[in-house]
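Encoded as structure tokens, the structure appears first; notes follow it.
Residue numbers (the numbering used here): 26 to 281.
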């Protein structure tokens, strides 16, 4: 079995694959100061809670936006599973031409999303990652990664609002329980502004991307906030929860 580990700024996505089938999906909080032994215990527990014995893991693939944790998880893979993980980076074959000024600067997570999206959908494609950051990426009709845009994510923006506006409360990031967008109380007003505001941002960026790569481009949303925004935005064609993990599996298979 393959263990896929995607280390993000906020959380770490864990997946276990039996062939092409994802049999485990779990998350651990990201903490660069957390000892490897604690991550090891959490990872082993997540596997066993899903009925996967650690001894069944024979390979691992790793991507990270937190460099300090790469060595931590290399050590975890060696200690717990007796394997050296494939770390996805600029020197790893992904099968996708990267048409950027500095290809080595493109985050591994963005390339993994492109790999998985191309395996599931015909290009051209627009991938909208609604995670810690709001990242929109373009894939040409020829299957080339063209680049994209990066903006503050919905969680970051919301936290700034909660912290800097003393009279505004923390609210759940979800569609408000009302018809329309005009809030009749503070909670609904904030939820409407956050959710529908980001939905319009996404649709506006999609419109601009389609003007450059073609109006027929399929729009795929991924990331923790994808279900919330996709429900409010009319421009999303599909929500793919596990693009990062599927991309790791595909890249691992291509490099075996």
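Don't be surprised by glycine CBs; every beta carbon is placed ideally from N, CA and C.
Supposed contact pair residue j and residue i - C-beta distance, whole angstroms, cut 8 Å
| i | j | result |
| --- | --- | --- |
| residue 141 | residue 268 | 4 Å |
| residue 75 | residue 48 | 7 Å |
| residue 223 | residue 254 | 6 Å |
| residue 211 | residue 193 | 7 Å |
| residue 179 | residue 159 | 7 Å |
| residue 280 | residue 118 | 6 Å |
| residue 242 | residue 151 | 5 Å |
| residue 61 | residue 109 | That pair is no contact at about 15 Å. |
| residue 206 | residue 221 | 5 Å |
| residue 200 | residue 256 | 6 Å |
Cβ-based neighbour list, residue i, same chain, cut-off 6 Å, excluding 5 preceding and 5 following
| i | result |
| --- | --- |
| residue 82 | 26, 28, 106 |
| residue 282 | Outside the shown range of the chain (26 to 281) lies residue 282, about which nothing can therefore be said. |
| residue 42 | 27, 274 |
| residue 171 | 124, 163, 165 |
| residue 112 | 87 |
| residue 169 | 122, 124 |
| residue 53 | 37, 67 |
| residue 239 | 149 |
| residue 32 | 89, 91, 94 |
| residue 250 | 155, 179 |
As assigned by DSSP and simplified to three states, the class of residue i
| i | result |
| --- | --- |
| residue 196 | coil |
| residue 250 | coil |
| residue 37 | strand |
| residue 45 | coil |
| residue 264 | strand |
| residue 140 | helix |
| residue 31 | strand |
| residue 52 | strand |
| residue 228 | helix |
| residue 185 | helix |
| residue 207 | coil |
| residue 26 | coil |
| residue 145 | helix |
| residue 180 | helix |
| residue 131 | coil |
| residue 233 | helix |
| residue 272 | helix |
| residue 218 | helix |
| residue 255 | helix |
| residue 191 | coil |
| residue 279 | helix |
Contacting residues, own chain, Cβ-Cβ under 8 Å from residue i (five flanking each side not counted)
| i | result |
| --- | --- |
| residue 197 | 216 |
| residue 209 | 203 |
Residues that DSSP places opposite residue i in a beta bridge
| i | result |
| --- | --- |
| residue 162 | 152, 173 |
| residue 243 | 150 |
| residue 123 | 170 |
Own chain residues within Cβ distance below 7 Å of residue i, not counting five before or after
| i | result |
| --- | --- |
| residue 34 | 55, 90, 91, 157 |
| residue 227 | 153, 254, 258, 260 |
| residue 57 | 91, 93, 94 |
| residue 40 | 29, 47, 49, 50, 267, 270 |
| residue 248 | 154, 155, 156 |
| residue 252 | 264 |
| residue 131 | 123, 125 |
| residue 97 | 61, 64 |
| residue 262 | 243, 244, 245 |
| residue 138 | 152, 154, 162, 247, 268, 269, 272 |
| residue 219 | 179, 183, 198 |
| residue 230 | 161, 174 |
| residue 73 | none |
Length at least 3, wholly inside the segment 62 to 117: the beta strand (DSSP E) runs in chain order: The qualifying runs are 84 to 89.
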